[in-house]
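Per our numbering, the sequence shown starts with residue 57, numbered consecutively.
Glycine included, each C-beta is placed from N, C-alpha and C at the ideal position.
Being a predicted model, the structure only gives us computed values, none of them experimental.
A short write-up of the structure that comes next.
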Amino acid sequence: MSDSAKDNLLFKNIFHSSVEGILVIDDKGLIIKANPAGEQMFGYSSQELIHQDVESLIPSRFKNNHHSHRANYNSKPKARRMGHDLDLWGLKKDGSQFQLEISLSPTEIDNKKVVIAFIIDVTERMAAKHALIVSESRMAEAQQIAHVGNWYWNLQTNERSWSNEFYRIYGLEPGDVRLNKDTLSSFIHPDDRENTLKIVALAIENQTDYQYEKTIIRPDGSLRNVLTKGKIISDANSNTKEMYGTIQDITKQKKAEEQLKDSEENLRNYTIELKEKVTERTTELNAIVQKLTKLNINLNNQIHVTKEAEKKALNSKQLLDNVSHNFPKGFIAVVDSKLRIVFVEGEEVIALGFDNLVKNKTVLGDVVGVSDEIKKISREKIVKTLEGEHLSYEIEFRDNHYLVNTTPLYNENNTIEQVLLVYNNITLQKKAEFEMFNTLKKEQELSELKSRFISMASHEFRTPLSAILSSAILIEKQNGVGKEAKRINYVSKIRSNVKNLVVILNDFLSLSKLQEGKIIAQPVLFDLVAFTKSLLEELEDIKKKGQIIRLQSENSIIEAFLDLKLIKHIIYNLVSNAIKYSEENKEIIIKIKSNNEHVNIEIIDEGIGIPIEDQNNMFQRFYRANNASNIQGTGLGLNIVKQYTELMGGTITFKSELKEGATFYIEFPLDTKKNE
57 MSDSAKDNLL FKNIFHSSVE GILVIDDKGL IIKANPAGEQ MFGYSSQELI HQDVESLIPS
117 RFKNNHHSHR ANYNSKPKAR RMGHDLDLWG LKKDGSQFQL EISLSPTEID NKKVVIAFII
177 DVTERMAAKH ALIVSESRMA EAQQIAHVGN WYWNLQTNER SWSNEFYRIY GLEPGDVRLN
237 KDTLSSFIHP DDRENTLKIV ALAIENQTDY QYEKTIIRPD GSLRNVLTKG KIISDANSNT
297 KEMYGTIQDI TKQKKAEEQL KDSEENLRNY TIELKEKVTE RTTELNAIVQ KLTKLNINLN
357 NQIHVTKEAE KKALNSKQLL DNVSHNFPKG FIAVVDSKLR IVFVEGEEVI ALGFDNLVKN
417 KTVLGDVVGV SDEIKKISRE KIVKTLEGEH LSYEIEFRDN HYLVNTTPLY NENNTIEQVL
477 LVYNNITLQK KAEFEMFNTL KKEQELSELK SRFISMASHE FRTPLSAILS SAILIEKQNG
537 VGKEAKRINY VSKIRSNVKN LVVILNDFLS LSKLQEGKII AQPVLFDLVA FTKSLLEELE
597 DIKKKGQIIR LQSENSIIEA FLDLKLIKHI IYNLVSNAIK YSEENKEIII KIKSNNEHVN
657 IEIIDEGIGI PIEDQNNMFQ RFYRANNASN IQGTGLGLNI VKQYTELMGG TITFKSELKE
717 GATFYIEFPL DTKKNE
């Protein structure tokens, strides 16, 4: 076997066994070869990928970026890896998306320039990377909240590292160069420095974990009490290799302990004083008892008044319970300063599952079935109300809309200790508002369509009618002998403009029938190639000088099961547009091809093209591109073509660049009914 044959065999083995997806792409962006890993990665079969535009494997939101990346690459083609520094995504056949990295390598196959793309699915890797970043961030945040830092010491290399909170405990910003392996001991208070070194040395020698307290001196001179814990890591030969541990700022705890000791001493002194005062108070108490006897008569009278007040309070409470329990279309709740639910009543309480919240002393954040977003909003509003604000806001819960009003509740000391929340169910109101909004929106759209129709119709009818009128007047003046040619020319103009009026009226009629649902596809089996040839003969009369229309087909006969009237309108409209928007001496190409599942039609012109800012709106009714304002047209043609295409189960798309023409792609399914 020759070296060349061996290389080819090696390439084939690598191509077919590679776990990376491999696509071979020609200079037009079409896939000409794909390995099994690539087919599995995108969910297509080999036949589906071949001759498919590589852009169909890219999500729509990244296609503009792909155009710029592709242009940059084509300007300087070379082996290049992309994705580690770019946000690249792929689109599978089932519509799902995945993140990828891609390596590009230009080469030649059969004397044709191609690009080999090596593709790796990195979705799981990027997700793991993101999760690691989040985990590290949460760990750092937890350390900062607990004032606990961690450290590491490689005893063999003397390499040391500290966490961000370790630096903060020492009064430094993370990464401060003043803290290093040589200066670490200088931060320890002189009274603790020698003992610290002994404890660490003994732990290394005995290979035991340790824990001790010490005092450190920060750069600003302040002192902090810290608790240090260390753990030894040894190798298989019981040689100490590494140490790691934590350091915790316990300054506040130490101060609390000292204050507790002082409190205990004060308590003992207070007990002695209390015993002395008890004797004094006993004598005074005897005198007070005598006074109480005299006051007892007055107390009986006050008890009677109190009972009357209690009776009124009980009646008020019963009234409140009745109002709350029967509160219509919503419920009432009271929350205290610790966000505990202390009261909830209303018609919807049981249906919402809130009837046991008070009994269980539920905190707002623990209410089951309520989203975190609603809890967050409610928490913010309650906190503001506890500060004295009266608030009103809306929330959506279980397909219902509630208007919530909050009021601060004051105690006898005129201090806010609770918040009253009144939930009114305004779902019916919101639905009515939404229906009114949609009705108004439809009326505005209809008004806009009417205005555009009147403006367009008045312009499009005025031009051909003016031409017909002027031609008719000139015919009257050309009655003499020898003026037959001029009369024929004017009659030709009348016929041409009448045809334009008929086309406009047909568009309006088609649009009306489509809106009323009166057009139904009635497919028949016919030869699409022969049908297109005959249709192109009808278009000969409207071609401009020097324009050429070429029909290209891989097969001489392609049977299609489509509606003849609808497909005629589609091809006629698109080809006549290509003629109208192209200059003289330009070529128009019609390509027809089919496979086992679809028949495809491409119509390519070299005309004025469609500006990129207009491309998303080209299939809308009465819409015309900015660069076509001086060319006759209604703005209905493409809208009708799209609707006709979809009536037959097809799709239509296009690509265009300004001043470089446009290509329209139509695809229809090969309906199995044609074989019945």
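Start-to-end residues for the beta strand (DSSP E) that takes in residue i
i, result
"Ala718", "718-725"
"Pro464", "456-466"
"Tyr449", "447-453"
"Leu694", "Looking at the DSSP string, Leu694 is not in any beta strand (DSSP E); the run it does join, the alpha helix (DSSP H), is 693-703."
"Asn481", "472-481"
"Ile397", "397-401"
Residues bridged to residue i (per DSSP)
i, result
"Lys711", "Thr719"
"Tyr223", "According to DSSP, which records beta bridges pairwise, Tyr223 is partnered with nothing at all."
"Arg216", "Trp209"
"His654", "Pro725"
"Ser239", "Per the sequence shown, residue 239 should be read as Thr rather than Ser. The partner list for Thr239 (beta bridge, DSSP) is empty, contrary to what the question assumes."
"Asp177", "Leu156"
"Leu581", "Phe617"
"Gln267", "Lys285"
"Val190", "In DSSP, Val190 forms no bridge with anything."
"Ile659", "Ile646, Phe720"
"Val204", "Gln304"
Per-residue DSSP class, three states only, for residue i
i, result
"Gln688", "coil"
"Met138", "strand"
"Ala369", "Note that Ala369 has pLDDT 44, beneath the 50 cutoff, so the model's placement of it is unreliable and no number is given."
"Val419", "strand"
"Phe410", "coil"
"Ala259", "helix"
"Gln155", "strand"
"Val80", "strand"
"Leu147", "strand"
"Pro162", "strand"
"Lys168", "strand"
"Arg234", "coil"
"Ile244", "strand"
"Leu86", "strand"
"Lys649", "strand"
"Ser73", "helix"
"Ala389", "strand"
"Ile576", "coil"
"Gln108", "coil"
"Val424", "coil"
"Lys506", "Bear in mind that the predicted position of Lys506 carries a pLDDT of just 49, short of 50, making it unreliable; the figure below should be weighed with that in mind. In the structure shown, Lys506 sits in a helix (DSSP, three-state: H, G or I)."
"Ile114", "coil"
"Asn251", "helix"
"Lys394", "coil"
"Asn469", "coil"
"Ile627", "helix"
"Glu489", "helix"
"Glu640", "coil"
Terminal residues of the alpha helix (DSSP H) in which residue i lies
i, result
"Arg54", "Residue 54 is absent from the structure shown; the chain starts at 57 and stops at 732."
"Glu429", "428-442"
"Ser124", "119-131"
"Glu95", "92-98"
In chain order, which beta strand (DSSP E) runs of at least 3 residues are fully inside the stretch 583-617? Segments of the beta strand (DSSP E) lying fully in the stretch 583-617: 604-609.
*Could you pull out every unbroken beta strand (DSSP E) segment of at least 3 residues lying fully inside the stretch 273-358, listed in chain order?*
Complete beta strand (DSSP E) runs here, min 3: 279-290, 296-305.
**Request:** For the stretch 702-721 and the stretch 662-671, state whether three or more C-beta atom pairs, one from each stretch, are separated by less than 8 Å.
**Result:** The answer is yes - the stretch 662-671 touches the stretch 702-721, with three or more Cβ pairs under 8 Å.
Q) Three or more beta-carbon pairs under 8 Å between the stretch 234-249 and the stretch 259-273, yes or no? A) Enough Cβ pairs lie closer than 8 Å, so yes.
Q.
When you compare the stretch 637-648 with the stretch 595-613, are there three or more beta-carbon pairs, one atom per stretch, that lie closer than 8 Å?
A. A contact is defined here as three or more CB-CB pairs under 8 Å, and the stretch 637-648 meets this definition with respect to the stretch 595-613.
query: With a cut-off of 8 Å, do at least 3 Cβ pairs link the stretch 165-174 to the stretch 62-80?
result: Yes: at least three Cβ pairs fall under 8 Å.
- prompt: So does the stretch 132-152 actually touch the stretch 207-217, counting three or more Cβ pairs closer than 8 Å?
  reply: They do not touch, by the three-pair rule.
Would you be able to state if there are at least three C-beta pairs under 8 Å between the stretch 485-492 and the stretch 468-477?
The stretch 468-477 is not in contact with the stretch 485-492.
Q.
Counting beta carbon pairs with one atom in the stretch 273-293 and one in the stretch 176-190, are three or more of them shorter than 8 Å?
A. The stretch 176-190, when compared against the stretch 273-293, does not touch it at the 8 Å Cβ threshold.
Taking contact to mean at least 3 C-beta pairs separated by less than 8 Å, is the stretch 413-421 in contact with the stretch 384-395?
With a cut-off of 8 Å, the stretch 384-395 and the stretch 413-421 count as touching, because enough Cβ pairs lie within range.
**Asked** Quick check: the stretch 395-411 against the stretch 420-436, are there 3 or more CB pairs under 8 Å?
**Response** Under the Cβ criterion (8 Å, minimum of three pairs), the stretch 395-411 counts as touching the stretch 420-436.
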